[in-house]
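Presented below is the structure to which this report refers.
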Amino acid sequence: MANHIEFNAVKNHAAELSALGTKAILVTGRSSARKCGALDDVTAVLKNADIPYQIFDSVEENPSIETVMAARDKGVAFGADFVIGIGGGSPMDTAKAVAVMIRNSSSDWDLLYENEQAGGVPVACIPTTCGTGSEVTAVSVLTRHDLKTKLTAKQKLFPDLSLVDPAYLDKADLSIIRSTSIDAMGHMLESFINTKSTEHSRAIAIEGLKIWSGIKHYIEKGLPEDTDERRRVLMNLARSSNLGGYSIVTPGTSLPHGMSYGLTYEKHVPHGIAIGIFQAAYLDPLADSDKQLLLDAMGFEDMAEFREFIRRNCIDPMFDSYLSREDFSAIIQASANTFLSNPARMEKIPYKMNEKVMQSIIDEIL
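First residue of the sequence shown? That's 221 in the working numbering, and the numbers climb one at a time after it.
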């Protein structure tokens with residue numbers, strides 16, 4: 221996988237993008253890819269290379285299996301032999317799943333949840349937000365309406381090409397930058413606080429958190445006006461997100477992500493907020509030396525300062541805008557029961573987890 225993080229990344233690597241195939245299906249959300257200029261950059265490259273393309277721009281937040289299949293059908297009918305995902309995590313996750321389903325066009329959607337790897341056509345990912353890191357992971361997290369939750373596909377497909385242009389963040393709403401950047405922070409914390417972590421993944425997480433510490437002020441207050449400083453912040457937002465993606469390639473995510481899906485499915489809580497509310501409580505039981513290492517990397521003096529950051533940016537906004545504490549309690553208790561009965565999730569937690577510890581995590585949010 222080639223991964224390029226630079227201003228004008230699409231234009232600078234036009235030849236690599238054009239070499240992926242002869243007909244492209246572009247997978248995007250409804251507006252962000254157009255608003256930031258990414259879609260125009262990609263279509264200009266394809267037109268210059270005489271590569272026909274069609275656009276599927278109906279990807280919703282928390283994309284569904286049905287959306288994947290609709291994009292697959294459009295791509296197959298067009299004869300697409302490669303996929304370009306442009307947007308946040310939703311379009312990029314969708315693009316990877318679509319690439320699998322185009323390669324296996326006679327199969328139904330349940331192929332995505334079969335263990336035997338089926339492969340996919342080439343796929344490029346071009347992020348327009350700064351949190352998911354999906355451009356460097358093999359994962360597609362998809363909404364399963366039949367199960368009323370989000371579920372990671374078992375088919376894994378790394379993008380062949382990742383083009384990260386920090387300039388695309390410049391027109392994003394501050395609320396999007398805040399939520400997605402907190403998602404990046406969560407990836408790095410959860411990959412570190414994880415029995416599946418490695419020395420390499422932990423080093424990536426610490427490196428990314430140190431970069432994130434220098435821009436966390438701006439995700440609350442807004443981007444700087446000074447041109448040079450603004451470009452530096454945009455670059456570091458993109459870099460921390462990218463490293464967050466790399467950090468979860470081996471260990472994956474843990475409790476905060478596993479507990480968040482009911483909130484996003486039932487009440488449409490933004491993903492970064494939904495995973496962010498758990499981060500301080502998930503960090504707190506960790507051994508003091510590792511806890512302080514992570515706090516230092518993030519630029520927080522102590523747990524009290526980190527808790528206040530999480531309350532300001534995640535917990536209070538969630539209760540102010542998305543659901544009541546009563547609704548939260550009902551949804552999260554169901555999520556807790558599911559999590560505690562999932563051995564694969566439980567074995568990732570590097571300290572004792574039981575109903576009592578889980579309840580203390582929930583109580584801290586309330």
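Yeah, the Cβ is synthetic: ideal placement off N, Cα and C, and Gly gets one too.
Compare the Cα-Cα distances from residue 479 to each of 428, 469 and 498 and report the closest residue. When only C-alpha atoms are compared, the closest one is 498.
Could you tell me whether the region 415–422 touches the region 390–403, using the rule of 3 or more Cβ pairs below 8 Å? Output reads no: the region 390–403 does not touch the region 415–422.
Residue 302 vs residue 253 beta-carbon contact at 8 Å: 8 Å or more divides the Cβ of residue 302 from the Cβ of residue 253.
Judging by CA-CA distance, which residue of 435, 221, 288 and 269 is the nearest neighbour of residue 328? Looking only at 435, 221, 288 and 269, the smallest Cα-Cα distance to residue 328 is reached by 288.
Among the candidates 483, 390 and 540, whose CA atom is the shortest distance from the CA of residue 450? Shortest Cα-Cα distance from residue 450 to any of 483, 390 and 540 involves 390.
Using the Cα positions of residue 575 and residue 486, report the straight-line distance between them to the nearest angstrom. Straight-line Cα distance between these residues: approximately 23 Å.
Taking contact to mean at least 3 C-beta pairs separated by less than 8 Å, is the region 344–364 in contact with the region 302–322? Yes, they touch.
Do you know how far the Cα of residue 331 is from the Cα of residue 323? Distance from the CA of residue 323 to the CA of residue 331, rounded to the nearest whole angstrom, comes to 11 Å.
Looking only at its chain, what residues have a beta carbon closer than 6 Å to the beta carbon of residue 204, apart from the 5 residues adjacent to it on each side? The shown model of the chain, from 221 to 586, leaves out residue 204, and the question about it has no answer.
How should residue 528 be labelled, buried or exposed, when 16 other C-beta atoms within 10 angstroms of its C-beta is the threshold for buried? With fewer than 16 Cβ atoms within 10 Å of its Cβ, residue 528 is classed as exposed.
Can you check whether the CB of residue 299 is closer than 8 Å to the CB of residue 277? No, the pair does not count as a contact, with Cβ atoms beyond the cut-off.
To which residues of the same chain is residue 261 closer than 7 Å at the C-beta, ignoring the five residues directly before and after it? Within the same chain, and ignoring the five residues on either side of residue 261 in sequence, the residues whose Cβ sits closer than 7 Å to its Cβ are 230 and 231.
Who are the near neighbours of residue 376 in its chain, counting only those whose CB is closer than 8 Å to its CB and skipping five residues on each side? Hits under 8 Å: 337, 358 and 359.
Cα-Cα separation, residue 294 to residue 341: A direct Cα-Cα distance of roughly 15 Å separates residue 294 from residue 341.
Below 8 Å, how does it come out for the region 550–561 and the region 452–468: are there three or more Cβ pairs, yes or no? With the cut-off at 8 Å, the region 550–561 and the region 452–468 do not touch.
Comparing C-alpha positions only, which one of 515, 440 and 514 sits nearest to residue 190? The requested residue 190 does not occur in the structure, where the chain is confined to residues 221 to 586.
Report the rounded CA-to-CA distance for residue 274 versus residue 455, giving the unit in angstroms. Those two C-alpha atoms are separated by around 30 Å.
Where the beta strand (DSSP E) through residue 357 begins and ends: Run containing residue 357: none; DSSP gives neither H nor E here.
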